[in-house]
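Residue numbers (the UniProt record's numbering): 1 to 188.
The structure is reproduced here in structure tokens:
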């Protein structure tokens, strides 16, 4: 009889847990922290809906993983064979990573142009681009292998601040979608 009672208790506990989990997945519960004014102040403002069908977002790119692994292997081999020291290895790898990231930014810029979106600015050290365009076209850009995320436009400013704090002068490259230096789209 005790085993039957234990099975009923276990069954009830299981059903209670799965119901709670399903309700949580459905979004039926609110966390207390989401209702606090502090949490609401730190959340980015939603993009206003209106007559303008375009959205401005941040797009994050990543270097080609295969080329990055190859560069790491080359540097490790040179280090292991004694051709270079640790500092030189770090320097070479960092330089190669930035080259690969620049290539990824260029590939992303081409994909953005072909999606009829506008590449407004870049924080190249972080691989973050500010892009404006049709929302569906922006989401479709995620099919590009080097594009890793589409994020809120505030992410671009955060990347710019990190780059400025990290190097003092590594902010947006000020390039337009046509690649002309020194002229930003906001000046047009």
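In this text, a Cβ means the ideal position worked out from N, Cα and C, and glycines have one as well.
- C-alpha of residue 76 to C-alpha of residue 135: approximately 43 Å in a straight line.
- Setting aside the 5 residues that flank it on each side, residue 70 has no residue in the same chain whose C-beta is closer than 6 Å to its C-beta.
- DSSP lists 133 as the bridge partner or partners of residue 55.
- With contact defined as three or more Cβ pairs closer than 8 Å, the segment 58-65 and the segment 138-154 are in contact.
- Per DSSP, the continuous alpha helix (DSSP H) segment holding residue 99 begins and ends at 86-114.
- According to the DSSP assignment, residue 118 belongs to the beta strand (DSSP E) that extends over 118-123.
- Residue 147: not part of any alpha helix (DSSP H); member of the beta strand (DSSP E) spanning 147-152, first to last residue.
- Rounded to whole angstroms, residue 84 and residue 96 show a C-alpha spacing of 15 Å.
- Membership of residue 72 in the alpha helix (DSSP H) is indicated by the continuous run 65-80.
- Residue burial is scored here from C-beta neighbours: residue 139 has fewer than 16 other C-beta atoms within 10 angstroms and is therefore classed as exposed.
- Residue 166 is classed as exposed because its beta carbon has fewer than 16 other beta carbons within 10 Å across all chains shown.
- Around the Cβ of residue 94, a 10 Å sphere holds fewer than 16 other Cβ atoms; the residue is exposed.
- Below 8 Å, too few C-beta pairs join the segment 111-131 and the segment 78-92 to call them touching: fewer than three.
- Taking the Cα positions, residue 107 is about 20 Å away from residue 153.
- Under the criterion of beta carbons closer than 8 Å, residue 105 and residue 129 qualify as touching, at roughly 7 Å.
- For residue 100, the CB contacts under 8 Å within the same chain, skipping 5 residues up- and downstream, are 63, 64, 67, 68 and 71 in chain order.
- Going by beta carbons, residue 137 and residue 111 fall outside the 8 Å limit.
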